[in-house]
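Going down the list, the sequences are from chains A and B. Each residue of the first sequence is one higher than the last, beginning at 1 in my numbering. Each residue of the second sequence is one higher than the last, beginning at 1001 in my numbering. Beta carbons are placed, not taken as given, at the ideal position from N, Cα and C, and that holds for glycine.
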Amino acid sequence: MTSKYKLLFAAMALVISGSAVAGDTVTIATDATFPPFESVDANGKLVGYDIELAEAVCKEAKLDCNIIGAAWEGMIPGLISKKYDALISQLTVTDARRKAMAFSEVYELPTFRFVARKGTNLTITPDGLKGKTIAVQTGTPMDAYVTKNFPGSTIKRYAGGSEPYLELAAGRADVHLSYEAQILYSFLRKDEGKNFELVGPRLTGKDAPEFGEGVAIAINKSNKALVERIDEGLKAVRDSGQLDKLDAKYFGPQE
Amino acid sequence: MSWDVIADNFARFLDGAQLTLLLTVIALGIAFTLSIVLALLRDSPRWWLRHMIGAYTLVFRGTPLLIQLFLIYYGLAQFEMLRQSFVWPWLSSPLICVLIAFVLNTTAYTTEIFAGGLRHLPPGEIEAARAYGMSPWTQARRILLPAMLTRSLSLYGNETIMMLHATSLASTVTLMEITGVARNITLNYYIQFEPYVTAGALYLLLTFVLVGAFRFAEWRWAAYLQPRRG
């Protein structure tokens, strides 16, 4: 065999074996349409809470990580087909997802809220939203929750995390359900969000199984070694107070 | 393989196919009428009319349909003035926006196809029509239109198939046509292969119907253009 072919076969072997841990680059994907957790800044750089957390975890776990932006719809398929080794994108842990992927320890317990135009006086109940339009990102816990609990409403599903806000501002949707922190620390702080407010109850995983057990890093199911390494890294980040610092940086002092 | 998921959700696929068909038929129906008018005026002796139609087909054939759809659906919604106006109840509907985008796009292509068919008309036929003293209207009805439509039939058939497949973009603005249903299933059940294969099979089936219809039309109306057999 000539050396040219040897090189080719070596490269193929590397691709086929894929996603090892030690020494290799770990590819982590994120859907960067979800500020303040993950978004792209004016320079095209990924920024946000999840990005900083992933960098800290990789540093503690001594992993060489490459965090890349991916479309929400292609992210989970990409993880399953091993295009990515892990995902950090405010992914909530649910039973359905556990069947398809592995998760790290939970690093955050999110609260979910509706957001609507100020003074609309909507009652956030299946009856109160009957005939109203609810915007959600497709295939998210919020989508599953409204699909199950608000059968009388029109549900509009969007590929990205930012389109529902455009639609809310344009008046095409009456309410949008998302992470409270996202609404509060991103949309409501922008100019387009100044006429909007949080409405309805604060929902968590305790209120509905669709909201899951909390937010974690998703890892390919077959890569047990990476789950362990990421959990170690996460523990170190938590124990050293870096996680609290990150919370304070993004969401102010904890109440 | 989890084909049971497809079986459980098959009714949604059928709803999706219904919407796909509706979008295709309405878009093609409106575009057909518009294209005939525009194709007849495409080579009008009035230069400004000729150039205006040329500019329109250039812009809509020169930009991706997805960009056109996003500009109409999201782009126009940005203007407060428009949101307050009487057109907003129309423009706020994704169905209307999608149809506007599809009609504008496929009309641009179809206009050029029809105008091309017209250019292949032997000048003798028009001269003969004039010699018979036909008015421009009669000329258009008896000579130009039949010649234009029969000569561009196979190209136009292609365009309708492209339009059918382009309706898959409607799911990007929340309409649950075949592709939208398939996508939604991939996101909720974490399977990829089965829903997309099902969607592909449905498109193939619809394409067969279109191809069959055009075969029939060519046999029925355009046979005179073919060399005689036997």
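Same chain only: Cβ atoms within 8 Å of residue i, ignoring 5 sequence neighbours per side
{"i": "residue 17/A", "result": "Unreliable placement is indicated for residue 17/A, whose pLDDT of 49 sits below 50; no coordinate value is reported for it."}
{"i": "residue 109/A", "result": "204, 205, 214, 215"}
{"i": "residue 1155/B", "result": "1113, 1116, 1117"}
{"i": "residue 1141/B", "result": "none"}
{"i": "residue 255/A", "result": "Unreliable positioning characterises residue 255/A in this predicted model, as indicated by a pLDDT of 47, which lies under 50. A coordinate reading is not provided."}
{"i": "residue 1078/B", "result": "none"}
{"i": "residue 998/B", "result": "No answer is possible for residue 998/B: the residues shown for chain B start at 1001 and end at 1230."}
Sequence-distant residues of the same chain with beta carbon closer than 6 Å to residue i, five excluded per side
{"i": "residue 28/A", "result": "54, 65, 67, 86, 88"}
{"i": "residue 1/A", "result": "Any reading at residue 1/A must be qualified, since the residue scores a pLDDT of 49, below 50, and its modelled position is unreliable; no value is offered."}
{"i": "residue 243/A", "result": "237"}
{"i": "residue 162/A", "result": "33"}
{"i": "residue 1057/B", "result": "1108, 1111, 1112"}
{"i": "residue 1014/B", "result": "none"}
{"i": "residue 1186/B", "result": "1192, 1195"}
Residue i and residue j closer than 8 Å at C-beta
{"i": "residue 1082/B", "j": "residue 1091/B", "result": "yes"}
{"i": "residue 137/A", "j": "residue 160/A", "result": "yes"}
{"i": "residue 218/A", "j": "residue 101/A", "result": "yes"}
{"i": "residue 148/A", "j": "residue 213/A", "result": "no"}
{"i": "residue 1027/B", "j": "residue 1138/B", "result": "no"}
{"i": "residue 1221/B", "j": "residue 1150/B", "result": "yes"}
{"i": "residue 1203/B", "j": "residue 1182/B", "result": "no"}
{"i": "residue 133/A", "j": "residue 173/A", "result": "yes"}
{"i": "residue 1031/B", "j": "residue 1110/B", "result": "yes"}
{"i": "residue 52/A", "j": "residue 226/A", "result": "no"}
{"i": "residue 63/A", "j": "residue 229/A", "result": "yes"}
{"i": "residue 1179/B", "j": "residue 1201/B", "result": "no"}
{"i": "residue 1038/B", "j": "residue 1053/B", "result": "yes"}
{"i": "residue 1188/B", "j": "residue 139/A", "result": "yes"}
Identified DSSP bridge partners for residue i
{"i": "residue 66/A", "result": "27/A"}
{"i": "residue 215/A", "result": "92/A, 108/A"}
{"i": "residue 60/A", "result": "DSSP lists no partner for residue 60/A."}
{"i": "residue 177/A", "result": "114/A"}
{"i": "residue 87/A", "result": "29/A, 218/A"}
{"i": "residue 39/A", "result": "33/A, 47/A"}
{"i": "residue 196/A", "result": "117/A"}
{"i": "residue 158/A", "result": "137/A"}
{"i": "residue 256/A", "result": "It is not possible to answer for residue 256/A, since the shown part of chain A is limited to 1 through 255."}
{"i": "residue 103/A", "result": "218/A"}
Contact list for residue i against chain A, beta-carbon separation under 7 Å
{"i": "residue 1183/B", "result": "73"}
{"i": "residue 1186/B", "result": "77"}
{"i": "residue 1196/B", "result": "By Cβ distance, chain A contributes nothing, its closest Cβ being about 10 Å from residue 1196/B, past 7 Å."}
{"i": "residue 1174/B", "result": "156, 157, 158"}
{"i": "residue 1083/B", "result": "170, 171"}
Own chain, CB closer than 7 Å to residue i, minus 5 neighbours either side, in chain order
{"i": "residue 19/A", "result": "Below a pLDDT of 50, predicted positions are generally treated as unreliable, and residue 19/A, at 47, falls in that range; no measurement from the model is reported."}
{"i": "residue 1024/B", "result": "1163, 1164, 1167"}
{"i": "residue 50/A", "result": "30, 37, 38, 88, 89, 90"}
{"i": "residue 48/A", "result": "35, 36, 37, 38, 39"}
{"i": "residue 1208/B", "result": "none"}
CB-CB length for residue i against residue j, believed under 8 Å
{"i": "residue 1005/B", "j": "residue 1177/B", "result": "At roughly 19 Å, the Cβ-Cβ gap does not stay under 8 Å, so residue 1005/B and residue 1177/B are not in contact."}
{"i": "residue 1147/B", "j": "residue 1112/B", "result": "Their Cβ separation, rounded to whole angstroms, is 16 Å, which puts residue 1147/B and residue 1112/B out of contact at 8 Å."}
{"i": "residue 1049/B", "j": "residue 1041/B", "result": "6 Å"}
{"i": "residue 234/A", "j": "residue 153/A", "result": "About 37 Å separates the two Cβ atoms, so there is no contact after all."}
{"i": "residue 117/A", "j": "residue 196/A", "result": "6 Å"}
{"i": "residue 1059/B", "j": "residue 1170/B", "result": "Actually they do not touch by this definition, with Cβ atoms about 21 Å apart."}
{"i": "residue 1254/B", "j": "residue 1175/B", "result": "The shown model of chain B, from 1001 to 1230, leaves out residue 1254/B, and the question about it has no answer."}
{"i": "residue 176/A", "j": "residue 165/A", "result": "7 Å"}
{"i": "residue 155/A", "j": "residue 1190/B", "result": "At roughly 20 Å, the Cβ-Cβ gap does not stay under 8 Å, so residue 155/A and residue 1190/B are not in contact."}
{"i": "residue 150/A", "j": "residue 168/A", "result": "Not quite, the Cβ-Cβ distance comes to about 16 Å (not below 8 Å), so this is no contact."}
{"i": "residue 111/A", "j": "residue 180/A", "result": "4 Å"}
{"i": "residue 1145/B", "j": "residue 1036/B", "result": "7 Å"}
Contact list for residue i against chain A, beta-carbon separation under 9 Å
{"i": "residue 1092/B", "result": "170, 171, 172"}
{"i": "residue 1074/B", "result": "163, 166, 167, 170"}
{"i": "residue 1077/B", "result": "166, 167, 169, 170, 171, 172"}
Amino acids of chain A, ordered along the chain, whose beta-carbon sits closer than 8 Å to that of residue i
{"i": "residue 1199/B", "result": "Ordered by position in chain A, no residue passes the 8 Å Cβ test against residue 1199/B, which lies about 14 Å from the chain."}
Residue i: contacting residues in chain B (beta-carbon distance under 9 Å)
{"i": "residue 100/A", "result": "1189, 1190, 1191"}
Partners in chain B for residue i, counting only beta-carbon separations shorter than 7 Å
{"i": "residue 120/A", "result": "Those do not exist, as residue 120/A stays about 16 Å from chain B at its closest Cβ, beyond 7 Å."}
{"i": "residue 152/A", "result": "Here the premise fails: no neighbours, minimum Cβ distance about 18 Å."}
{"i": "residue 80/A", "result": "1190"}
{"i": "residue 138/A", "result": "1184, 1187"}
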